[in-house]
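Heads up, the thing below is written out as structure tokens.
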């Protein structure tokens, strides 16, 4: 079941489904979150298809903006420019919400308690909050766990459901995960032979999940991580081995839900 709350002012969130909940509810939730300085995850989709994620704490709700401290980015050298459209995920009032917004300022002076000032960002005030689980494929960051190793192997050139006996195994660290795909960090630049649309068999184990996952992934995008020789690969999961794929997606969905529940318990 989904939850959404709406207010009259709208920056153009046509994709959300508003309800008749009053604007006072939105104000109350966001103001309470700012009073507690709750953490928020800010997701920005770069034009190359990669997702940049920053974490910031909400500080103040003004008439037109939400002020937050400067984001800490999961990728070294990551940044979100002024004017960027973003999706913000945050826990408010015991529930997990998301809203679309715009980074209106990236170097805002914010007063704390009348005297102390910090540098932060200003987000456009949202028209509505929507249940974060409404996303078809909610993406979660896994950097808070011990490193999760992902093994990637190309399929056999003539047998798409098998791997060559002498296949080269590439290994990386999982960066984020959803039921629809994942991002993997590898400690080198990808060769030119790896291109968008290439398929890889993926093997990995998730925390608190006994059985390993065996998935087929298609590379959607890749980029060099700023300030390093590493690369980040974004892969979407592809159906294969019917029942096995459905089984693994159900287990993955349960892991994502439990991850969100753990976040909510820690933030209460």
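Numbering (my numbering), first residue to last: 130 to 397.
Every residue gets a Cβ at the ideal spot worked out from N, C-alpha and C, and that includes glycine.
For clarity, every value in this text was computed on a predicted model and none was experimentally measured.
Report buried or exposed for residue 247, applying the criterion of at least 16 other Cβ atoms within 10 angstroms of its Cβ.
-> Looking at its Cβ environment, which holds fewer than 16 other Cβ atoms inside 10 Å, residue 247 is exposed.
Pull up the distance between the alpha-carbon of residue 196 and that of residue 252, whole angstroms please.
-> If you draw a straight line from the Cα of residue 196 to the Cα of residue 252, it is about 6 Å long.
Please work out which residues of its chain come closer than 6 Å, Cβ to Cβ, to residue 310, disregarding the five sequence neighbours upstream and downstream, and give them in chain order.
-> By the criterion of a C-beta distance shorter than 6 Å, residue 310 is surrounded in its chain by 364, 365 and 366, once the five residues flanking it on both sides are discounted.
Where the alpha helix (DSSP H) containing residue 213 begins and where it ends | Premise fails: residue 213 is in no alpha helix (DSSP H) and is neither H nor E.
DSSP state of residue 264 mapped onto helix, strand, coil = Because residue 264 carries a pLDDT of 46, less than 50, the predicted location of this residue cannot be relied on, and the following value inherits that uncertainty. It is coil, neither helix nor strand.
Give the secondary structure of residue 272 by DSSP, where H, G and I count as helix, E and B as strand, and everything else as coil.
-> Residue 272 sits in coil when the DSSP states are folded into three classes, being neither helix nor strand.
State yes or no: is the C-beta of residue 260 within less than 9 Å of the C-beta of residue 225?
-> The Cβ-Cβ distance between residue 260 and residue 225 falls below 9 Å.
Have a look at the DSSP bridge pairing and note the partners of residue 357.
-> Bridge partners of residue 357: none, in fact.
With 16 other CB atoms within 10 Å as the buried threshold, where does residue 376 fall?
-> With fewer than 16 Cβ atoms within 10 Å of its Cβ, residue 376 is classed as exposed.
Report yes if the CB atom of residue 159 is closer than 9 Å to the CB atom of residue 221, and no otherwise.
-> Note that the C-beta distance between residue 159 and residue 221 is below 9 Å.
Which class does residue 233 belong to by DSSP, given the choice of helix, strand or coil?
-> When DSSP states are grouped into helix, strand and coil, residue 233 belongs to the strand group.
Quick one: residues in its chain with C-beta nearer than 7 Å to the C-beta of residue 194, no 5 flanking neighbours on either side, listed in chain order?
-> For residue 194, where only same-chain residues beyond five positions count, the Cβ hits under 7 Å are 233, 251, 252, 253 and 254.
In chain order, which continuous runs of the beta strand (DSSP E) of length 3 or greater are located wholly inside the segment 325 to 393?
-> You should have 328 to 333, 342 to 353 and 360 to 367.
Counting pairs of Cβ atoms below 8 Å between the segment 343 to 358 and the segment 294 to 307, do you hit three or more?
-> Verdict: no, contact absent.
For residue 334, collect the residues of the same chain with a Cβ closer than 6 Å to its Cβ; drop the 5 residues on either side in sequence, then sort them by chain order.
-> Here the set comprises 341.
Would you mind reading off the limits of the alpha helix (DSSP H) that contains residue 162?
-> Unbroken alpha helix (DSSP H) run through residue 162: 152 to 164.
For residue 247, does the three-state DSSP call read helix, strand or coil?
-> Reduced to three states, the DSSP call for residue 247 is strand.
Nearest-angstrom Cα distance between residue 373 and residue 189?
-> Separation of residue 373 and residue 189 (C-alpha to C-alpha, rounded to the nearest whole angstrom) is 47 Å.
Should residue 279 and residue 332 be called a contact, given that it needs their Cβ atoms to be closer than 9 Å?
-> With a cutoff of 9 Å on beta-carbon distance, residue 279 and residue 332 are scored as near each other.
Mapping DSSP to helix, strand and coil, what is residue 305?
-> Residue 305 falls in the strand class under three-state DSSP.
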